[in-house]
Amino acid sequence: MVDDVVIGLEVHVQLQTQSKLFCGCSTKFGDNPNANTCPVCLGWPGTLPVLNKKALEYGILASLALNCKINQKIKFDRKNYYYPDLPKAYQISQYDLPLAEHGTVKFNHDGESCAVGIERLHLEEDAGKLVHSSVSRESYVDYNRSGTPLAEIVTKPELTSPERAESFLRTLKKQMEYLDVSDCNMDEGSLRCDANISIRRDDGSLGTKAEIKNMNSFKAVRKALSYEVLRQRKLLSRGQRVVQETRLWDETTEQTKSMRSKEEAHDYRYFPEPDLVPVRIDKKWQQEIGFKLPELPDKKFNRFLDEYQLTEEAARTLTDSRPLADFFEQAIKPDVSAKTVGNLIISDVKRELNERGWDIGQVALTPAALTSVASLLEENLISSNVGSELIAELVESGGDPREIVEQRGLKQISSEDQLSSVILQVVSENPDAVADIRGGKNQAIGFLVGQVMQKTGGQADPGTAQKLLREEIL
Amino acid sequence: MNNQLSQLSLLELSQLLEAQEITAVELMETTVERYRQLDSDIKSFLYFDLDESLETAKKQDSLERKSALHGIPLAIKDNISRLGKPLTCSSKILAGHRPPYSATVVEKLEQAGGIFVGNTNMDEFAMGSSTETSAYQTTRNPWDLERVPGGSSGGSAAAVAAGIVPAALGSDTGGSIRQPAAFCGVVGFKPTYGRVSRYGLFPFASSLDQIGPIARTVSDVAFLTELLAGSDSRDSTSLDSPVPRYLEQLQPRAEGLTFGIPEEYFGEGVDSDVRQIIQQTIETLKQQGAEIKTVNLPHTKYAISTYYILATAEASSNLARYDGVQYGYRADEPDDLIDMYSRTRAEGFGPEVKRRIMLGTFVLSSGYYEAYYGKAQKLRTLIKQDFDRVYEECDLLLTPTTPSTAFKLGEKIDDPVQMYLSDILTASTNLAGLPAISIPVGQDSKQLPVGAQLIGPALSEQTVLNAAFMLEKQSQWDAKIAPVQA
Chain P
834 MVDDVVIGLE VHVQLQTQSK LFCGCSTKFG DNPNANTCPV CLGWPGTLPV LNKKALEYGI
894 LASLALNCKI NQKIKFDRKN YYYPDLPKAY QISQYDLPLA EHGTVKFNHD GESCAVGIER
954 LHLEEDAGKL VHSSVSRESY VDYNRSGTPL AEIVTKPELT SPERAESFLR TLKKQMEYLD
1014 VSDCNMDEGS LRCDANISIR RDDGSLGTKA EIKNMNSFKA VRKALSYEVL RQRKLLSRGQ
1074 RVVQETRLWD ETTEQTKSMR SKEEAHDYRY FPEPDLVPVR IDKKWQQEIG FKLPELPDKK
1134 FNRFLDEYQL TEEAARTLTD SRPLADFFEQ AIKPDVSAKT VGNLIISDVK RELNERGWDI
1194 GQVALTPAAL TSVASLLEEN LISSNVGSEL IAELVESGGD PREIVEQRGL KQISSEDQLS
1254 SVILQVVSEN PDAVADIRGG KNQAIGFLVG QVMQKTGGQA DPGTAQKLLR EEIL
Chain G
2 MNNQLSQLSL LELSQLLEAQ EITAVELMET TVERYRQLDS DIKSFLYFDL DESLETAKKQ
62 DSLERKSALH GIPLAIKDNI SRLGKPLTCS SKILAGHRPP YSATVVEKLE QAGGIFVGNT
122 NMDEFAMGSS TETSAYQTTR NPWDLERVPG GSSGGSAAAV AAGIVPAALG SDTGGSIRQP
182 AAFCGVVGFK PTYGRVSRYG LFPFASSLDQ IGPIARTVSD VAFLTELLAG SDSRDSTSLD
242 SPVPRYLEQL QPRAEGLTFG IPEEYFGEGV DSDVRQIIQQ TIETLKQQGA EIKTVNLPHT
302 KYAISTYYIL ATAEASSNLA RYDGVQYGYR ADEPDDLIDM YSRTRAEGFG PEVKRRIMLG
362 TFVLSSGYYE AYYGKAQKLR TLIKQDFDRV YEECDLLLTP TTPSTAFKLG EKIDDPVQMY
422 LSDILTASTN LAGLPAISIP VGQDSKQLPV GAQLIGPALS EQTVLNAAFM LEKQSQWDAK
482 IAPVQA
């Protein structure tokens, strides 16, 4: 029962090249309809495709990151079908000689190490977009997206739960972002996912699968697949059969609905694209691209554990995105501990980011300023509260933390001489609490520390205050 | 003056222009007049830009001469793009279409000073061997108005044969330049696949299509090929190989060359008249010091089936884009998307195009792919290897271009298989991607032109042209213009 769910994903990742896969048009998202088009990506007769080498390079980079074997000779094929957003009535894709095959991706799911095989990665062009009029029966086509480069990544049917599928997808997204080959923005459609899902039969053989489309967020992937597991189990438990078909996830009803049956499935009539010549991937070029491969999330995670002695959770959070990890490493200097820097990012910086819905690229805080805050904390010159407030301010408007602390007198008082008069005052003003403590009720010390903090405007070092209070009372 | 000018070749006209004995405007006026006199009968042009052609000629007269093409009127097959000019592929489905860009070959010839006067009729989407599948008109052979000009570049060949223009562009997928050239008694050249950019050629079968020139002399063809050839960053299948100076290096040469005579090209279907004239051509070659060798291309018998599977498969995909969405014809008041697609295509395409789309769709469909398309791919390789093998023992092949001379209008139009067999001697060359020329070498008993075909190895354009040049000089062929009168 545990491992009887069988899921395979087909993920489309939009490669963020400047120009389209087979012409020079811009790939920019959100421009006026049909602003970024030319006769080639409009599929006008007589025009011919010319392969964008950068897209091929990004594809190779992605393939290497997925531990795939790059095919030395690749070719393009035509996938034929009719739809108004497909201007040539065929999509240039890759059929039997894809860019790369036989990869694996390791990923973490709820603390458990998982792996999934990658069947293949191939390059293909995207279609345009239909815009339906709300007032008439008319539809319009926007071809701006037509011809933008996609890498289609197909996993083996080795994912065993909807949750694992989601974790894999998040890992994949993270990897692509690390490579800087895609922004993987699901809202803008630069990461799209279809799934094949079935329930294994009692004898262990594969059951009939359904293909699920239209899952537009990570949550949708998990929900749609969970719905589908339930639906298929229900059918099977009643002795009914799962039908091989394509089903659409409906976000509003939270159900999958049949879109077309196996009999209605397209016959794409693939054949080699005669307008492009087969491409030989030069070994040397492939090596050069390999050298550009950055440290990937998994490796970085392990290195962070070793090198900075972080907890697993901290290392995972810090390697969540490459810019965040880079920020962290830039802020580490010999005179501060990595742990302090890491904690500041995980607790304070992250909180500020979440509040604003920003990513690390948008902050006014510099890594050097973060280093300063960390050393102010380590030198006991500021309290952790002041640290948090500083971070909030620096994220918003930047500045030099040492200067701010100096100018506003935010330094904490940790010298015993400076504190002793306040201590004496607090002790004399709170005889009840003092009596409690003398009587063995240790909790009351917290109250007195609070009083000290109040009288020093938060500048006292709470540790020192407590130590001095004990000495005075006991 | 008029009739004299229309007798002259492109390079002869060029000399007169160069020497300022005539102006481009005078030449264009002659062209217009000849067109007016003859084309109501021949119907080689789908349209002719009278005013603009004269305008352009006037402009060319005011400019410094850019090349030997400067001021020369040219015709172009109705499947090669010119920015903003009507282009239909002789199909209703492209009625009213004007491409938003020019083909590379058009840019090249216009930069050299050539003037395209209008588009010539063709078989719809280049599918046919008689120009009778055109949705608009039937072109007649200038040698006998009851006969077809061949196809699919029938309009281009007829316009050149009738002396309306000295040269025209055609396209050749299975013989579509050479066969009409042979039927009309002119020279037609299909260069090596990839030698000339296809950018701007409306595709029929992309892996076979090739643009080439049609003219009345081998020199003109050599000159035009030089202008047309070259790699093009917009066509990934164009060849990155330097272009020789074909015209400068043109010499009538057969001596020291070995000519292969493939037995398979002289089979039962070849008319005795044609056979006899080609035999005379072989004798001419011998006299000129060439060695003659009988050779075999054993897979020739599969060429037509292979060709019709691969060509229709590619066509079914290439022509899928004519769906009424962006350009061309769209059915009136469609009920829904499917209705728009099916009626647009049902009303827009003619019967031959539909037949080939269905054939091509079938051979690519799952369950049949291996049996048809897959097998045809393998045969294509075997056919290529046949040629590779014979070129180890000879330099060029000599064959008839067509099994017969021009046939009568309507004679084969209702029998597709008979029509398909017209390509039997030309289609193999496209499958192998080789350069091949058709030159007139005589007339049959009905006084119709007979074409000889010379086929060379890849990129042997110069050798092919030189041998053709020799045959042109030696042949009895002296009537350059069809005896057509207004």
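Chains as they are written, first to last, in the working numbering: chain P, 834 to 1307; chain G, 2 to 487. The beta carbon of each residue, even a glycine, is placed where N, CA and C say it ideally should be. Note that this is a predicted model, so its numbers are computed, not measured.
Residue i burial status per 10 Å Cβ neighbour count (16 or more: buried)
i                : result
I339 of chain G  : exposed
V1260 of chain P : buried
T89 of chain G   : buried
L64 of chain G   : exposed
M359 of chain G  : exposed
G876 of chain P  : buried
L899 of chain P  : buried
Q61 of chain G   : buried
Residue of the options minimising C-alpha distance to residue i
i                : options                            : result
Y973 of chain P  : P:K1046, P:I1215, P:P917           : P:P917
K413 of chain G  : G:S130, G:L466, G:S177, G:A291     : G:S130
N122 of chain G  : G:T139, G:E462, G:G115             : G:T139
S1094 of chain P : P:P1107, P:T1085, P:R1080, P:E1106 : P:R1080
K1172 of chain P : P:L1069, P:R1184, P:F1137          : P:F1137
N1213 of chain P : P:C856, P:K1133, P:G1296           : P:G1296
A868 of chain P  : P:L889, P:Y976, P:L1039            : P:Y976
D943 of chain P  : P:K912, P:R997, P:E1140            : P:R997
E1010 of chain P : P:S1217, P:D837, P:P1127, P:E1185  : P:P1127
6 Å CB neighbourhood of residue i in its chain, flanking five on each side removed
i                : result
I456 of chain G  : L398, T430, L435, A437
L311 of chain G  : A377
N1029 of chain P : G841, K1042, E1044
G1231 of chain P : A1197
I907 of chain P  : L930, L932, V1112
V1285 of chain P : V1255, V1259, A1293, A1298
R1235 of chain P : S1205
P100 of chain G  : S82, L88
F862 of chain P  : E1021
Cut-off 7 Å between Cβ atoms - residues of its own chain near residue i, not counting five sequence neighbours on either side
i               : result
N142 of chain G : R148, V149, P150, A159, F184, C185, A407
A501 of chain G : This structure leaves residue 501 of chain G out entirely; chain G is present only between 2 and 487.
T382 of chain G : none
M2 of chain G   : Unreliable placement is indicated for M2 of chain G, whose pLDDT of 48 sits below 50; the coordinate value is still reported in the next sentence. Contacts found: none.
S154 of chain G : K78, M123, G171, S172, S177, I178, P181, I215
Q419 of chain G : K413
Spatial distance of residue i from residue j (CA atoms)
i                : j                : result
P214 of chain G  : V1076 of chain P : 58 Å
R783 of chain P  : K1056 of chain P : With chain P represented from 834 up to 1307, any question about residue 783 of chain P goes unanswered, as that position is not in the structure.
M834 of chain P  : Q924 of chain P  : With a pLDDT of only 46 at M834 of chain P, under 50, the local geometry of the prediction cannot be trusted, and the value read off the model is given with reservation. Cα-Cα distance, rounded: 40 Å.
E27 of chain G   : A316 of chain G  : 42 Å
G325 of chain G  : Y1060 of chain P : 40 Å
P1167 of chain P : R1034 of chain P : 59 Å
A332 of chain G  : E348 of chain G  : 7 Å
S1170 of chain P : F1134 of chain P : 18 Å
S198 of chain G  : D1192 of chain P : 49 Å
C947 of chain P  : L983 of chain P  : 26 Å
F350 of chain G  : Y330 of chain G  : 10 Å
V188 of chain G  : I116 of chain G  : 20 Å
Proximal residues to residue i (C-beta, below 8 Å), its chain only, five neighbours per side dropped
i                : result
K1007 of chain P : P1130, D1153, S1154
S10 of chain G   : P167, A216, R217, T218, S220, D221, K481
G1194 of chain P : P1156
K67 of chain G   : Q112, A113, G114
E353 of chain G  : D124, E125, M128, G129, T134, P417
Residue i: CB within 7 Å of a non-hydrogen atom of the ligand GTP
i              : result
A20 of chain G : The ligand GTP is not among the ligands present in this structure, which contains no ligands whatsoever.
Any contact between the stretch 217–227 of chain G and the stretch 256–274 of chain G? By contact I mean 3 or more CB pairs, one from each, below 8 Å. no
Taking contact to mean at least 3 C-beta pairs separated by less than 8 Å, is the stretch 73–80 of chain G in contact with the stretch 112–126 of chain G? yes
Is the number of C-beta pairs between the stretch 1141–1149 of chain P and the stretch 1111–1119 of chain P that are closer than 8 Å three or more? no
Should the stretch 1222–1231 of chain P be regarded as contacting the stretch 1192–1202 of chain P, the criterion being three or more beta carbon pairs within less than 8 Å? yes
With three or more beta-carbon pairs closer than 8 Å as the criterion, would you say the stretch 873–892 of chain P touches the stretch 1045–1053 of chain P? no
Would you call the stretch 1014–1027 of chain P and the stretch 846–856 of chain P in contact, with 3 or more CB pairs under 8 Å? yes
Can we say the stretch 268–279 of chain G touches the stretch 436–451 of chain G, given the rule of at least three CB pairs closer than 8 Å? yes
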